[in-house]
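Enquirer: Sharing a structure below in structure tokens format, with a few things to ask.
Numbering (the numbering used here), first residue to last: 565 to 861.
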């Protein structure tokens with residue numbers, strides 16, 4: 565059994581660590597940072613893989629002390645969310661367009677959950693390898709890879725709403741995108757910059773679920789942040805008038821975005837907005853309730 569134990573543990577750790585690497589996607593949000601942030605998360609993923617891979621063989625071998633220790637170690641992954649939240653909140657203070665607490669909480673949840681996914685995948689692979697052979701262990705690892713990739717795919721704004729170009733214009737000193745009012749700008753030079761460089765989009769929810777989700781202020785802050793991150797922003801710390809804004813039409817539930825980007829490309833802006841993730845804290849589904857369906861009729 566010694567060889568079987570070692571084989572099960574090694575296979576589970578390798579597959580679990582690979583899954584954590586596969587889930588560690590770096591994109592325009594530049595988090596986790598490279599190389600130190602990446603190293604931290606890969607190390608945590610390796611620890612999670614060891615915990616999962618050893619659990620079942622240790623139980624079968626009646627190593628209950630080891631299992632108790634592993635269970636205690638697993639509880640420490642709850643601190644991962646707190647660590648991520650604190651780090652991102654500190655970083656958010658220096659952003660010209662902050663993510664906001666809802667976006668940060670969503671990211672923190674994701675990093676905690678991915679360690680648990682690694683742990684369960686390593687447990688599955690280690691158990692299958694221990695009771696059968698390495699071939700079936702690798703097959704179970706492939707199945708775990710498919711499942712984790714599916715779990716990583718959440719909804720985006722493009723799934724719940726239609727995004728189209730909106731007309732940026734003024735009525736006197738009041739800034740509008742189509743018929744959605746944003747703010748009052750009394751300085752002629754600032755208005756000229758908006759007319760010359762600003763872009764606007766209208767986000768039209770597909771149903772009442774989308775309308776309720778877009779009503780969340782945290783979701784709208786996430787849209788403004790991602791748009792600024794991708795297109796750049798004509799703004800510095802002393803020019804708050806150029807902060808990208810997302811406003812909601814109280815009559816229709818439509819949402820408008822106005823931004824003064826460094827790269828004036830409306831097609832890129834529309835695609836960027838479509839790819840903004842729907843935050844877990846903002847997701848609302850009133851149509852799944854009887855009263856919500858009656859109200860929508």
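Just so you know, even glycine gets a beta-carbon here, dropped at the ideal spot from N, CA and C. Owing to the predicted nature of the structure, the values given are computational and were not obtained by experimental measurement.
(1) Give me the Cβ distance between residue 779 and residue 812, rounded to the nearest whole Å; I'm assuming they're in contact under 8 angstroms.
(2) Are the stretch 765-772 and the stretch 719-738 touching, with three or more C-beta to C-beta distances below 8 angstroms?
(3) Straight-line CA distance for residue 660 to residue 832?
(4) Return the first residue and the last residue of the alpha helix (DSSP H) that residue 785 is part of.
(5) Considering only their Cβ atoms, is the gap separating residue 641 from residue 683 smaller than 9 angstroms?
(6) Only counting runs of 4 or more residues, tell me where the alpha helix (DSSP H) segments fall wholly within the stretch 803-853, in order along the chain.
(7) How many Å lie between residue 615 and residue 695 at the Cα?
(8) For my contact list, residue 828 and residue 761 are in at a C-beta cut-off of 8 angstroms; report their separation, rounded to the angstrom.
(9) So what does DSSP say about residue 864, is it helix, strand or coil?
(10) In the DSSP assignment, what residue or residues form a beta bridge with residue 799?
(11) Let me confirm a value: residue 835 is counted as buried when at least 16 other C-beta atoms fall within 10 Å, else exposed. Which label applies?
(12) For the putative contact between residue 822 and residue 741, defined by C-beta atoms under 8 angstroms, what is the C-beta separation to the nearest angstrom?
(13) Comparing alpha-carbon positions, which option in 701, 621, 817 lies nearest residue 781?
(14) Are the stretch 716-727 and the stretch 839-851 in contact at 8 angstroms, needing three or more beta carbon pairs?
(15) Have a look at 783, 774, 579, 853 and flag the residue whose alpha-carbon is nearest the alpha-carbon of residue 669.
Expert: A quick look at the data gives this:
(1) 6 angstroms between Cβ atoms; contact.
(2) Touching, yes.
(3) The straight-line gap from Cα to Cα measures roughly 20 angstroms.
(4) 781-795 is the extent of the alpha helix (DSSP H) around residue 785.
(5) It is a contact, given that the beta carbons lie within the stated cut-off.
(6) Within the stretch 803-853, the complete alpha helix (DSSP H) runs of at least 4 residues are 830-838.
(7) Between residue 615 and residue 695, the C-alpha separation is close to 18 angstroms.
(8) Right, the Cβ-Cβ distance comes to about 6 angstroms (below 8 angstroms), so this counts as a contact.
(9) A question about residue 864 goes unanswered here, because the residues of the chain that appear run from 565 up to 861.
(10) Its beta-bridge partners do not exist; DSSP assigns none.
(11) It counts as exposed.
(12) The beta-carbon separation of residue 822 and residue 741, rounded to 5 angstroms, stays under the 8 angstroms limit for a contact.
(13) Here the closest residue by C-alpha is 817.
(14) A contact exists between the stretch 716-727 and the stretch 839-851.
(15) Closest in alpha carbon position to residue 669, among 783, 774, 579, 853, is 783.
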